[in-house]
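> Starting off with a structure, shown below.
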Amino acid sequence: MVSAKSKLCRAESPPIRLRIPVSEQTEKQRAMKKECRKIGRSMASSRYRRRQGEAGKTTNRLRMAKKRAQMTDGEKAATNERRKAAAAASYLRNRKTVLRKAQDKRIATFIEKVGHPDADLWYPYRRNTYRVGEQAGVSTNPRIYL
């Protein structure tokens, strides 16, 4: 059952237009539509890449399993050595990034432990940090924890 008030509101409201012609759109509306299209395209491309990536991984896995089944033990050993060398080179390339992330994590842990807004200024930076982990570099100096 529809009330008289809702009928009155519907009669007074302007007709709903699902699509505003480009000539009547404001700059803000155009920019918003452009941004929405951009987001939609990026989401679609990421979906496509994800699907292609999964399919590619599956086909590569099957291809490599078939290839390894035909290899001799010597060839398998040589392949494993090449893979180890590639992994070591990749690790050395990414080492700075890994250490920087580890230091950021240590600083965040330090700030959380101290609980002061200026705690990031008190963090005792270390040079030549080789260890990766939360505890590598957290100072135990009691004067820092004011």
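Each residue of the sequence shown is one higher than the one before, starting from 255 at the first, in my numbering. Glycine included, C-beta positions come from ideal geometry on N, C-alpha and C.
#1: Rounded to a whole number of angstroms, what is the C-alpha to C-alpha distance between V368 and A362?
#2: Keeping to the same chain, check which residues put their C-beta closer than 7 Å to that of Y399; ignore five residues upstream and five downstream.
#3: Measure the alpha-carbon distance for A343 versus R349 and round it to whole angstroms.
#4: Taking Cβ positions, are F364 and Y345 nearer each other than 7 Å?
#5: Along the alpha helix (DSSP H) that carries M286, what are the first and last residues, could you check?
#6: Three-state secondary structure (DSSP) at I274?
#7: So D358 is in the alpha helix (DSSP H); what residue range does that whole segment cover?
#8: Taking the beta carbon of R273 as the centre, do at least 16 other beta carbons fall within 10 Å, making it buried, or is it exposed?
#9: Rounded to the nearest angstrom, what separates C290 and P275 at their Cα positions?
#10: Answer with buried or exposed for R317, where buried requires no fewer than 16 other C-beta atoms within 10 angstroms of its C-beta.
#11: Taking the beta carbon of R284 as the centre, do at least 16 other beta carbons fall within 10 Å, making it buried, or is it exposed?
Taking the geometry as given:
#1: 10 Å
#2: With a pLDDT of 39 at Y399, under the threshold of 50, the predicted position of this residue should be treated as unreliable, and no value is reported.
#3: 10 Å
#4: no
#5: 281-324
#6: coil
#7: 327-368
#8: exposed
#9: 17 Å
#10: exposed
#11: exposed
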